[in-house]
Each structure stands twice: as C-alpha cells, then as structure tokens.
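In this note's numbering, the protein residues as written are 2 to 508.
Glycine is no exception: its CB is placed at the ideal position from the N, C-alpha and C atoms.
Each remark here refers to the structure printed beneath this line.
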C-alpha cells in the first residue's frame, strides 16, 4: 500500500513506558480457529494507520488525515492554523479552522512510516491478554477476539462465537447497517405539507432526532428555518390561518422502548425536537417530554404565530399523496449522525437509524422490524451473523445478542477500501482519553491509541474498537463480559486489555 500515516506512531514510543507491560511464565497454546468469514481489508482504519489515498474518501479528515474530533481538541488547546476543515455541514461551505498538529503528545506534521511487512504474533498476544481476561472482575462469562486488520488474521480468540449481551457496542452494528443501506450522504428530512382540498398544514416527521428549535442550530436542521420558509410560502398563497396537524406515520408500532420511560432515551417517534430533552443538554441522560411529536407540533405552531400565521391546536394526521410540500429542512449527512451516535453513545440517534434501515430495506419500521433489517443488512455484507439477535438499535435491550466474531468483522469491513461508505463507523469511535465516552479513560495508559465503543448495563461490560500497537499495526478487538458485579473494576480490566494491545510489539 506504500506509505501510511499512523498519526500516533511517534507517540507510541513515548507512551510505551506508561502502559503496563504484562509478562507471564506460562505459554498457553492459541487454539487454531478455522475462519468462516474472509476478512478482506487493509490498514486503512480509524485515522491511526490511514492509507494516504483513502484520506479524502474517508470522511471528516483534514489534509493530513487527522480526525475532526482531534482537530477540535487542538482548537480548544489554542493551537492555530489555517487549514480547511469542512465548515457548516448544512451549507457544504468549507471554512477555516485550527490545525491539529499537537493534539496528542508526540504528534508531528511530518510523521510518516512505512507499513510493516510482518504481522503481530498470536502467541505473544495470548501471553499478554489471558492474564488480564481471567480477572474475576470480568465475571463468569466472557468472549474476546483480536484481528490484524492488515492481514485479516485472527490473532486471539476466546469464545468468539458465543452470543452475549453487547450493550451499546450494538451501535457499531447499527452504524454499519445504516451506512450500507442508505449511504453516508443520506439526510433525514422534515417537511411542512399543505393539503389542497382542506387547507390543512401537516408537519411531517422525517425521523430526525437532531431537529432543533434552538436559536443556534449548529449545523442541525432548524425548526425555526422550517417555520420561516413555511410562513413565506403560506403568505405567498394568501393564507394567514391554517389547521395544523402532524404526521408520525414513518414509523410503526409502539413508541416506548422495552426499558420503559427512561432518561437515556426519548419515546421513539419520527418527529421530535432536540431529542425531546426538557433541559439544555445535548448528550447523556436527561428528562424527556412524554409526547415528543405533539410537543414539536405545538412549538411549530408557536413559531408560525410569531411569523403572522394563525394555527389551530395541532393533532395527529397523515399527509396524503396530494399534499404539496411547502418547505423542508434536512439533517446533517448520515456520516455525521453516525459519528455523533458512536462518539457520545447517543441512544436516540441509534434507534432512529435502526428504523431508517428498516424503511430503506422494506421492513416494517417498528422495533422488531428494525432489528430484522439491521441483521439482514449485515448478512448481505457477508458478515458472520450466526447467533446474532438484534433487539434494538441502541443496545439498551438486555435481550440483544452479538458475538465478538461479528464485532471484529464489522470493524474490519468498515476499514475495507472497498467499503468507503462505512468509514464513519470507525471515525466516530471515541478516542481514548480525548473524546466522547472515553474522554476520562486511559489517562495513564493508551490515550490516543485506542478508539472504541463502550457497552455498559447492569452486569454487562463490553468494549470493541481499534488500536495501534507499538509497531504501527492496526488491530480490531472486541471484549464482551456478562455477570460482572463491580462495573468500575470490570471497566478497568477491559481498559487494561486494550492498553496491553497498544503496548505490545507482538512479533
């Protein structure tokens, strides 16, 4: 492949002493496992060992292959530059932003290494990982898999086909399925439609949980903009008073997730504002309005009133095929939604994307249909779905089941140059010690070397992602554990396992 840019390669040598080096006198034999799925990927993953020719197709990178999230952290630290970094996703206008030359210790603009011709050694990984994964804090049931992304060789595996509760690592499957079904440029559209016969104005939900009524939309679809455009269109037609309704028929089935009313997730409906949050938060648990669609329609009516259009109190309805679309606003591209979902473990986006996968593939857009659609889409990609039971898009349903085999396959496929549309499933993974759900983790370990999706429920701890080892090689890993009793200790053990991968030369 020629030169690659693992932007953290120089930092590896410096960070190595900080990562605990594990040793054991035992040398257990690594069970030889027959691969039932052919990995076909090169080391073009997660922005850590990214092939130079793939950079422009991979998503939110700057010209040096630096991930957007790291550039943002550099900006917060006051590092300045003049590179183009994308600008407003809604306008597609590029804009200047600070460069990210000093995001992590040891980074340098000129860092370039050649792809190593050899591969990590499975026996070495076994010696390193087994003592950690035998930690009682990880509970009685666990599975683990490590794959060399460059060669597709599985280097370590314990119970790789065991279907365990994946918690939020489910979102990796949701991301890959949605990107595969709809493509990274797909947008979710909310529109206002006028019925020609009755004069009824229908606010049609397009399944965009990031639709916002805030004054600063920050690149999201704005209900205020939709009201501006709708009021202008009605005024042009001489209409100053309308019957207001709202349409949520894009989705089917109950709106309430099986976990019930919960601050981690709003009612699942195709029409909501700011994820139905009742406070100013943008991520994490928060109280939600009980009927997000009705709340959004009321807010829309208020905005129209401010613009000189009188409306009736809104009620549920359905836009007919004869309805004229007066105005519409669209979400950021699916690639950006996937990244936000993964980085912040956003359950509302996850459930929306699972249902959109059902819509795109002809399945019923309810909870069950979404699970069927996601699994079927992964099967179409040739992924090892045996044992998989996808119950939702977020992983909040404890009845869901995934395997370490599937999780590593998802990551390797997302790195495959033949599937550039799947790259956001990697670029959205939190960066250890820097972004999202890993911001406060790995501060004394493999910060910057691990990108991973966490998964946590009562008695369940999981971690799946990619890591760059000391030789600059990219490894995909998945650790699933069930029956844990101390979540802090279990999380620490999984972090040690990922740090061990980063510190291991494994030759």
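Rounded to the nearest whole angstrom, the C-alpha separation of residue 483 and residue 220 is 39 Å. Under the three-state reduction of DSSP, residue 348 is assigned to helix.
Nearest C-alpha to residue 473 among 455, 147, 505: 505. Of all C-beta pairs linking the stretch 269-279 to the stretch 345-361, three or more are shorter than 8 Å, placing the two stretches in contact. For the stretch 463-500, the full-length beta strand (DSSP E) segments reaching 3 residues or more read 475-483 along the chain. For residue 181, the enclosing alpha helix (DSSP H) covers residues 171-183. Between the C-alpha atoms of residue 388 and residue 164 there is a straight-line separation of about 6 Å. As far as DSSP is concerned, residue 265 takes part in no beta bridge.
Around the beta-carbon of residue 406, 16 or more other beta-carbon atoms lie within 10 Å, marking it buried. Residue 218 and residue 323 have their C-alpha atoms spaced approximately 31 Å apart. For a cut-off of 8 Å, the C-beta gap from residue 211 to residue 338 is around 7 Å, short enough to register as a contact.
Shown here, residue 213 sits in a strand according to DSSP, grouped into three states.
One alpha carbon belongs to residue 131, the other to residue 138, and they sit about 14 Å apart. Counted as a single uninterrupted DSSP element, the stretch harbouring residue 284 is not any beta strand (DSSP E), since DSSP gives it neither H nor E. Contact annotation: residue 430 and residue 463 have beta-carbon atoms that are not nearer than 8 Å. Partner residues in the beta bridge of residue 402, as assigned by DSSP, are 390. Secondary structure at residue 336: helix, using DSSP grouped into helix, strand and coil. Residue 226 sits in a helix when the DSSP states are folded into three classes. By the C-beta criterion, the stretch 434-451 is judged to be in contact with the stretch 496-503, since at least 3 inter-stretch pairs fall below 8 Å. Across the set 459, 470, 150, 331, the C-alpha of 150 shows the shortest separation from the C-alpha of residue 418. A contact is defined here as three or more CB-CB pairs under 8 Å, and the stretch 328-335 meets this definition with respect to the stretch 175-184. Classified as exposed, residue 316 has fewer than 16 neighbouring CB atoms from the shown chains inside 10 Å of its CB. Contact check for residue 329 and residue 191: beta-carbon distance about 7 Å, within the 8 Å limit, so the pair qualifies. By the 16-neighbour rule on beta-carbons within 10 angstroms, residue 395 is buried.
In this structure residue 301 is not in contact with residue 408, their Cβ atoms being roughly 40 Å apart against a cut-off of 8 Å. The bridge partners DSSP lists for residue 247 are 204, 317.
Judged by DSSP secondary structure, residue 455 falls outside any alpha helix (DSSP H) and instead within the beta strand (DSSP E) spanning 451-458. DSSP, read as helix, strand or coil, puts residue 299 in helix.
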